[in-house]
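Everything on this sheet refers to the single structure shown next.
In the working numbering, the protein residues as written are 54 to 249.
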């Protein structure tokens, strides 16, 4: 018996991936604090933020974070990591250009944290994909930033856009994780909870 999932995200990419996987869902979002404790392991950061998103939506819908969730709540958060540094969403054109200049010719990690709340259960995990860019010229970077305006994207790029299609040298791991959701693992978790 398929049950509708509450997607605690307004990301068009996550919506598209769930549609492609034919998972029935509806979107409910609640603004949440995306900060994290100092010293937290990098891979745990997106899980921590995803958990806060899921708990905020659960509290909004059913009146409290401690209440059991009668419908599954799915939240995710994606970070880009270069070396030991988390790269967030760029605040300006200059920051987007600077970020892509740093990523050009380098290998970085994309980590998506996923939290699924249902009843009294929680499934939480993260998925890591290694991405390596070719060297990119300043003209290519400026063209991408000006045309695609990647200000709502961690790492200042979307893999399914021009820069990903033309600029990525190699990927190791789940491609869809870089888009924002390791959707095959999400489907597996939904099956474990007997939602799908």
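C-beta: ideal position from N, C-alpha, C; glycine also.
Since this is a predicted model, take the numbers as computed values, not measurements.
Proximity winner among 177, 137, 94 and 92, relative to residue 241 (alpha-carbon distances): 177
Close Cβ partners of residue 153 (< 6 Å) along its chain, the five nearest in sequence each way excluded: 194 and 209
Endpoints, the beta strand (DSSP E) within which residue 211 is located: It is not in any beta strand (DSSP E) - residue 211 carries neither H nor E in the DSSP assignment.
Spatially closest choice to residue 201 from 149, 100, 117 and 136, by CA coordinates: 149
Straight-line Cα distance separating residue 70 from residue 80: 13 Å
Coil, strand or helix - residue 165 by DSSP: strand
Of the listed residues 248, 186, 73 and 234, nearest to residue 222 (C-alpha basis): 186
When 227, 182 and 198 are compared against residue 146, the one with the closest alpha-carbon: 198
Enclosing alpha helix (DSSP H) for residue 229 [first to last residue]: 228-232
Close-in-space but distant-in-sequence residues of the same chain around residue 225 (CB under 6 Å, 5 per side omitted): 183
Cα-Cα separation, residue 235 to residue 192: 32 Å
Among 62, 246, 83 and 211, nearest to residue 128 - alpha-carbon criterion: 62
Closest Cα partner of residue 97 within the set 166, 110 and 206: 166
For residue 134, the nearest candidate out of 142, 156 and 162 (CA to CA): 162
Contacting residues, own chain, Cβ-Cβ under 7 Å from residue 22 (five flanking each side not counted): Only positions 54 to 249 of the chain appear in the structure, and residue 22 is not among them; the question remains open.
Status (buried if at least 16 other CB within 10 Å, exposed otherwise) for residue 219: exposed
Residue from 160, 207 and 247 whose Cα sits closest to the Cα of residue 87: 207
Paired residues, beta bridge with residue 205 - DSSP: Partner(s): none; residue 205 has no beta bridge.
Alpha carbon of residue 107 to alpha carbon of residue 138, nearest angstrom: 25 Å
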